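Participant: Going by this note's numbering, the letters in the sequence shown line up with residues 227 to 647, in that order. Glycine residues also receive a C-beta, built at the ideal position from the N, C-alpha and C atoms. All values derive from a computational prediction rather than experimental measurement.
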Amino acid sequence: MALRISAEQLDAASQALDEVLDFKYPADGVLSAFFRGQRALGMGDRAFVAESVYGVVRHLRQLRRVAGDAVGARKLLIAWLTRYDGLSIRQLEPLLSGGERNWLAELKTSEVAAPSLGERCDLPDWLIERMLIQYGEEGLITLADSLNAPAPLDIRVNPLKIERDAAIARLAADGLVGTPGKYSPYAIRMNEKVALQKHPLFLDGSIEVQDEGSQLLAILVAPKRSEMVADFCAGAGGKTLLLGAMMRSTGRLYAFDVSEKRLARFKPRMARSGLSNVHPTAIDHENDKRLKKLAGKMDRVLVDAPCSGLGTLRRNPDLKWRQTQVGVSELVIKQASILAAAAKLVKVGGRLVYATCSLLVEENDAIVDNFLAAHPQFAEQPVNELLAAQKIELVSSTRLRLTPLQHGTDGFFAAVMTRVG
Numbered sequence: 227m228a229l230r231i232s233a234e235q236l237d238a239a240s241q242a243l244d245e246v247l248d249f250k251y252p253a254d255g256v257l258s259a260f261f262r263g264q265r266a267l268g269m270g271d272r273a274f275v276a277e278s279v280y281g282v283v284r285h286l287r288q289l290r291r292v293a294g295d296a297v298g299a300r301k302l303l304i305a306w307l308t309r310y311d312g313l314s315i316r317q318l319e320p321l322l323s324g325g326e327r328n329w330l331a332e333l334k335t336s337e338v339a340a341p342s343l344g345e346r347c348d349l350p351d352w353l354i355e356r357m358l359i360q361y362g363e364e365g366l367i368t369l370a371d372s373l374n375a376p377a378p379l380d381i382r383v384n385p386l387k388i389e390r391d392a393a394i395a396r397l398a399a400d401g402l403v404g405t406p407g408k409y410s411p412y413a414i415r416m417n418e419k420v421a422l423q424k425h426p427l428f429l430d431g432s433i434e435v436q437d438e439g440s441q442l443l444a445i446l447v448a449p450k451r452s453e454m455v456a457d458f459c460a461g462a463g464g465k466t467l468l469l470g471a472m473m474r475s476t477g478r479l480y481a482f483d484v485s486e487k488r489l490a491r492f493k494p495r496m497a498r499s500g501l502s503n504v505h506p507t508a509i510d511h512e513n514d515k516r517l518k519k520l521a522g523k524m525d526r527v528l529v530d531a532p533c534s535g536l537g538t539l540r541r542n543p544d545l546k547w548r549q550t551q552v553g554v555s556e557l558v559i560k561q562a563s564i565l566a567a568a569a570k571l572v573k574v575g576g577r578l579v580y581a582t583c584s585l586l587v588e589e590n591d592a593i594v595d596n597f598l599a600a601h602p603q604f605a606e607q608p609v610n611e612l613l614a615a616q617k618i619e620l621v622s623s624t625r626l627r628l629t630p631l632q633h634g635t636d637g638f639f640a641a642v643m644t645r646v647g
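#1: Tell me the rounded alpha-carbon separation between M227 and A276.
#2: Between which two residues does the beta strand (DSSP E) holding A481 run?
#3: Between S314 and the rest of its own chain, which residues show a CB-CB distance below 8 Å, the 5 nearest in sequence each way excluded?
#4: Can you check DSSP and say which residues form a bridge with F638?
#5: Is there contact here, the region 400-408 with the region 585-604, by at least three beta-carbon pairs under 8 Å?
#6: Alpha helix (DSSP H) containing K487: first to last residue?
#7: Which residue spans inside the region 329-381 form an unbroken alpha helix (DSSP H) run of at least 4?
#8: Whole angstroms are fine: how far does the CA of R390 sit from the CA of A398?
#9: Name the one or two DSSP bridge partners that V435 has.
#10: Taking 8 Å as the limit between beta carbons, can you name the residues of its chain near P215, skipping five residues before and five after?
#11: Within the region 556-622, note down every full alpha helix (DSSP H) run reaching 4 residues or more, in order along the chain.
#12: Take L542 as the anchor and find which of K465, V246 and A233 has the nearest alpha-carbon.
#13: Among N610, A296, K301 and G268, which has the Cα closest to the Cα of V279?
#14: Please state whether DSSP places W645 in a helix, a strand or coil.
#15: Just to confirm the assignment, what range does the alpha helix (DSSP H) spanning V283 have?
#16: Rounded to whole angstroms, what is the Cα-Cα separation between L330 and R287?
#17: Figure out for me which residue from R498, G461 and S323 has the closest Cα to the Cα of A481.
#18: Going by DSSP in three states, G404 sits in which element: helix, strand or coil?
#19: Identify the continuous beta strand (DSSP E) that holds D525 and give its terminal residues.
#20: What I want to know is whether the C-beta of N513 ends up closer than 6 Å to one or more non-hydrogen atoms of the ligand ATP.
#21: Considering just the uninterrupted stretch of the beta strand (DSSP E) at M473, what are its terminal residues?
#22: Helix, strand or coil, according to DSSP, for T507 in the structure here?
#23: State the Cα-Cα distance for the pair S341 and L333, rounded to the nearest angstrom.
#24: Helix, strand or coil for V455 per DSSP?
#25: Does the separation of the CB atoms of A305 and L289 fall below 7 Å?
#26: DSSP on M227, reduced to helix/strand/coil?
#27: Ends of the beta strand (DSSP E) at A413?
#28: Determine the direct distance from the alpha carbon of G263 to that of E234, and round the result to whole angstroms.
#29: Please determine, among S499, V297 and T635, the residue with the shortest C-alpha to C-alpha distance to P376.
#30: Would S440 pass as a contact of K387 if the rule is Cβ separation under 7 Å?
#31: If we count the other Cβ atoms within 10 Å of its Cβ and call it buried at 16 or more, is L303 buried or exposed?
#32: Are the region 616-628 and the region 544-555 in contact at 8 Å, needing three or more beta carbon pairs?
#33: Taking the continuous alpha helix (DSSP H) assigned at E258, which residues delimit it?
#34: Can you give the Cα-Cα distance for A562 and D530, rounded to whole angstroms?
#35: Could you check if G298 is buried or exposed, using at least 16 other CB atoms within 10 Å of its CB as the buried criterion?
#36: Excluding five sequence neighbours on each side, which residues of the same chain lie with their C-beta closer than 7 Å to the C-beta of F428?
Encoded structure:
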């Protein structure tokens, strides 16, 4: 970020941060609405506002520890700029009121108590308690550091339209540098964050923005030509698009979701992709009667279950402050119900993949273990063997566990099961 800012930028960032800190709605949506109401802000101004807001949200506990629990958005922003973003007090002083200058001077000389583990990790205490059991203190600190870093930009090629090497060369010709992903054969990691929405490769459906870890979930489904496949919680359709391309636009691919709005947003992406085998279908709930006619007919079913999203904190840092213990408990009940319902669609010999972008054991292993205990007609398949068969060398075990610390991707979990009876 630039080391010089204007009063207008500081005011805009402070106003946007104040709206985000309510944590009533996702930060990306709040910022989008804010920018729609601030047409005069240029691209550089918007970048400053977004980066500053996300910077404060990522390190909110540490900033409040230093600046005080009662300070408002503007002082939190000032603390962020001087402590994390490289601005000196001298550079910032001309933009501050007399009271703010005095407060900042006092802040510089004040003594602060040693941070708690939650403050050190910039995570809420209820989440610290859960993750400490899984990762231990040192493991949790290093994992938290990776979750609190900004995510890189990953894109995925559409194999129906372009090869990965050709896409890299085309992007390079336009001054956009990307390198092959480490695991997914479709992934490209960009060297810097750039806007691709108006690039010809994006407009014609040759590329999509998608984290490399997310791509691996579709790869675990491993759909084949002419099969019947269901993406049970399709959402915005990123994995659906890859599944359809892997099927070479043959067979039938159902994109189920309870949100008609999400499916509506998916349709333009589907049109760009060139797929003709996808059937977006809105359902009322996981036991919708419209699903009964498909019982026992699906070759592959992906359940990317609604979850806490805590594996995506690099992109959505506000989730750690908006999510609650009660919310997770409610999600766990929903996840078990969705997996059991989706399993009914799988035919004998078919594959069922359960996945989340969570790091919590109760949303991951516990769901799968309980499902397998209650459904002896399903047997688990080792994820590491399935990936190795596709020439993807990924250090893993029976189940997929991705973290930004170990793999450079968002945090994902997946388990693969086959219906054997």
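Facilitator: In brief:
#1: Annotation note: pLDDT 47 at M227 (below 50); position unreliable, no value reported.
#2: R478 to D483
#3: T308
#4: L628
#5: no
#6: E486 to S499
#7: 343-347 and 351-373
#8: 12 Å
#9: I381
#10: Nothing can be reported for residue 215: it is not among the residues displayed for the chain, which extend from 227 to 647.
#11: 591-600 and 609-615
#12: The question names Leu, yet the displayed sequence has Asn at residue 542. Selected option, being the one with the closest Cα: V246.
#13: K301
#14: Looking at the sequence itself, residue 645 is Arg, so the reference to Trp does not match. Strand, per DSSP.
#15: M269 to R284
#16: 18 Å
#17: When each option's Cα is compared against that of A481, the closest is G461.
#18: strand
#19: M524 to D530
#20: Absent from the structure shown: the ligand ATP. Ligands present: none.
#21: First-last for M473: undefined, no H or E at that position.
#22: strand
#23: The question names Ser, but residue 341 in the sequence shown is Pro. In a straight line, the C-alpha of P341 is about 16 Å away from that of L333.
#24: strand
#25: Their beta carbons are under 7 Å apart, which means A305 touches L289 by this criterion.
#26: Below a pLDDT of 50, predicted positions are generally treated as unreliable, and M227, at 47, falls in that range; the measurement from the model is reported next regardless. In this structure, M227 counts as coil in the three-state DSSP scheme.
#27: For A413, the uninterrupted beta strand (DSSP E) segment begins and ends at A413 to M416.
#28: 15 Å
#29: T635
#30: Taking the C-beta atoms as reference points, K387 is found no nearer than 7 Å to S440.
#31: A buried status is given to L303, since no fewer than 16 other beta-carbon atoms sit within 10 Å of its beta-carbon.
#32: no
#33: Glu is not the amino acid found at residue 258; the sequence shown has Ser there. That run of the alpha helix (DSSP H) goes A253 to R262.
#34: In a straight line, the C-alpha of A562 is about 12 Å away from that of D530.
#35: exposed
#36: L422
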